[in-house]
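Asks:
Residue numbers (my numbering): 761 to 892.
#1: Mapping the DSSP letters down to three states, classify residue 812 as helix, strand or coil.
#2: Is it right to say residue 851 is buried, meaning 16 or more other beta carbons lie within 10 angstroms of its own, or is it exposed?
#3: Compute the distance between the beta-carbons of residue 789 and residue 853, then report whether it is under 9 Å.
#4: From the DSSP secondary-structure annotation, give me the bridge partner or partners of residue 786.
#5: Quick check for students: name the residue ranges of the beta strand (DSSP E) that lie wholly in the region 848-879, counting only runs of 3 or more.
#6: Could you tell me whether the Cβ atoms of residue 770 and residue 783 are closer together than 9 Å?
#7: May I ask you to list the residues that DSSP assigns as paired with residue 843?
#8: From what residue to what residue does the alpha helix (DSSP H) around residue 822 run?
#9: If you measure between the beta carbons of residue 827 and residue 815, is that distance less than 9 Å?
#10: Do the CB positions of residue 817 and residue 833 come within less than 9 Å of each other?
#11: Using the beta-carbon count (16 or more within 10 Å), is residue 829 buried or exposed?
#12: Just the Cα atoms here: how many angstroms apart are residue 778 and residue 879?
#13: Do you know how far the Cα of residue 787 is from the Cα of residue 866?
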């Protein structure tokens, strides 16, 4: 019932100093390929590459939204014309009306929000080679 009544907010984005405005169903800053229980929205995102992948999804008619839902989980949404990914070091996201901001699935406030990545700031053990 919500999808037919949903109106995409007007977003104002500043991505690495470049301004972009538009209506989007979704704006997502990803540091890894999966989010929200396994959705593969940023398939090329890598947690160790020093980049954020900023995903925007433009509004589409309801039948196309429903047809695209299965593609959220296997990465095929990336070929959709309404879907766009930009790699960046920082992004400021604002919306009218304001939108909730989630960090790893937890509500963390509302827009506006400024996000940036600090390459190499977190030291972690990589066990991938040990498993072979």
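Ideal placement from N, C-alpha and C gives every residue a C-beta, glycine not left out.
Replies: The relevant details are as follows:
#1: Taking the first residue of the chain shown as 1, we reach residue 812 at position 52. If DSSP states are grouped into helix, strand and coil, residue 812 belongs with the strands.
#2: Indexing the chain shown from 1 puts residue 851 at position 91. The residue in question, residue 851, is buried, as its Cβ has 16 or more Cβ neighbours within 10 Å.
#3: Along the chain shown, one-based indexing puts residue 789 at 29. Along the chain shown, one-based indexing puts residue 853 at 93. Taking 9 Å as the Cβ cut-off, residue 789 and residue 853 qualify as a contacting pair.
#4: Here residue 786 corresponds to residue number 26 of the chain shown, with the count starting at 1. DSSP, once it has assigned bridges, lists 817 as partnering residue 786.
#5: 850-856, 860-863, 866-870 and 873-876
#6: Against the chain shown, residue 770 aligns to sequence position 10. Against the chain shown, residue 783 aligns to sequence position 23. Their beta carbons are under 9 Å apart, which means residue 770 touches residue 783 by this criterion.
#7: In the chain shown, counting from the first residue as 1, residue 843 sits at position 83. For residue 843, which the question treats as bridged, DSSP gives the partners 817.
#8: Start at 1 with the first residue of the chain shown, and residue 822 comes out as number 62. First-last of the alpha helix (DSSP H) with residue 822: 822-828.
#9: If you number the chain shown from 1, residue 827 lands on position 67. If you number the chain shown from 1, residue 815 lands on position 55. Taking 9 Å as the Cβ cut-off, residue 827 and residue 815 do not qualify as a contacting pair.
#10: Locating residue 817 in the chain shown gives position 57, counting from the first residue. Locating residue 833 in the chain shown gives position 73, counting from the first residue. No, Cβ-Cβ distance for residue 817 and residue 833 is not below 9 Å.
#11: Here residue 829 refers to the residue found at position 69 when the chain shown is read from its first residue. It counts as exposed.
#12: To locate residue 778, count along the chain shown from 1; it is residue 18. To locate residue 879, count along the chain shown from 1; it is residue 119. Their Cα atoms are separated by approximately 21 Å.
#13: Position 106 of the chain shown, counted from the start, is the residue given in the question as residue 866. Position 27 of the chain shown, counted from the start, is the residue given in the question as residue 787. Cα to Cα, residue 866 sits roughly 16 Å from residue 787.
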